[in-house]
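Written out below as structure tokens is the structure these notes cover.
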């Protein structure tokens, strides 16, 4: 699970931020706040679907004017919004025109920015993970966990598990892959059956620090070359 500390370290070179919930003063905070509002709505839908009272929480104080249980559930799935916003920042998807400064100097997302954040959060909610021997979207897992909580509260289950599943980040452009691309020579790459132009483009991406993807054949060749190098080193 990606902590907010790691998120801050990842974003600090792109924008200066300090986490603030109300009247967010920077673009990342605005995006996070909007994303968390979307997540709260998702939690409320799950709570209502299983017949629980959204105002009765466990971690957050019970309050008839607040959705305390939704806030509790949010804590378990907050990382989805963090990853979605990180993705938007990393891709440079948000533009200056996607934000507006109000009369009270508070920064807000405009409809164009709200649409981008919503689409990205939905994409991450639709990513799949293994849970109970099946592949489920994270949106479905949120509902399943809420249902399990309801069953625990009425005595159908003796325990409730909020630990699994654990989200694992799998990236094709991690530091290990980037270094592998930078280390391979054009001669060695050509021996693997690819053109110099392809490797040149890959090296540019690896140096840039921007996100990129690799097709299946390129991944296989990179793995093949890495195995050959490791054997030589041994």
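In the working numbering, the protein residues as written are 10 to 243. In this text, a Cβ means the ideal position worked out from N, Cα and C, and glycines have one as well.
About 5 Å separates the beta carbon of residue 59 from that of residue 155, a gap short enough to meet the 8 Å contact definition. For the 7 Å CB-CB criterion, residue 198 and residue 191 do not form a contact. Between the beta-carbon of residue 78 and that of residue 62 there is about 7 Å, and that keeps the pair under the 8 Å contact cut. When secondary structure is reduced to three states using DSSP, residue 118 falls in the strand class.
By the Cβ criterion, the stretch 94-104 is not in contact with the stretch 45-53, since fewer than three pairs of Cβ atoms, one from each stretch, lie closer than 8 Å. For residue 109, the enclosing beta strand (DSSP E) covers residues 108-110. From the listed residues 236, 36, 174, the smallest Cα separation to residue 142 is found for 174. Taking C-beta atoms as the reference points, residue 147 and residue 134 count as a pair closer than 7 Å. With fewer than three CB-CB distances shorter than 8 Å, the stretch 70-88 does not count as touching the stretch 110-122.
Distances from the alpha-carbon of residue 179 to those of 193, 223, 166, 49 put 223 closest. Listed in chain order, the alpha helix (DSSP H) runs fully inside the stretch 65-148 are 77-100, 120-134, counting runs of at least 4 residues.
Selection 37, 221, 231 evaluated against residue 104 yields 37 as nearest (Cα-Cα). With respect to residue 44, residue 130 sits close: the two C-beta atoms are nearer than 7 Å.
Pairing residue 235 with residue 189 gives a Cβ-Cβ distance under 7 Å. Residue 159 sits in a helix when the DSSP states are folded into three classes. Excluding five sequence positions before and after residue 181, the CB atoms of its chain that fall closer than 6 Å to its own CB belong to 222, 223, given in chain order. Annotation: residue 176 is outside any alpha helix (DSSP H) and is labelled neither H nor E by DSSP. A straight-line Cα-Cα distance of about 46 Å links residue 124 and residue 196. The DSSP-derived three-state label of residue 228 is helix. Between residue 127 and residue 47 a beta carbon distance of about 6 Å is seen, short of the 8 Å cut, so the two are scored as contacting.
In the structure shown, residue 166 adopts coil according to DSSP, grouped into three states.
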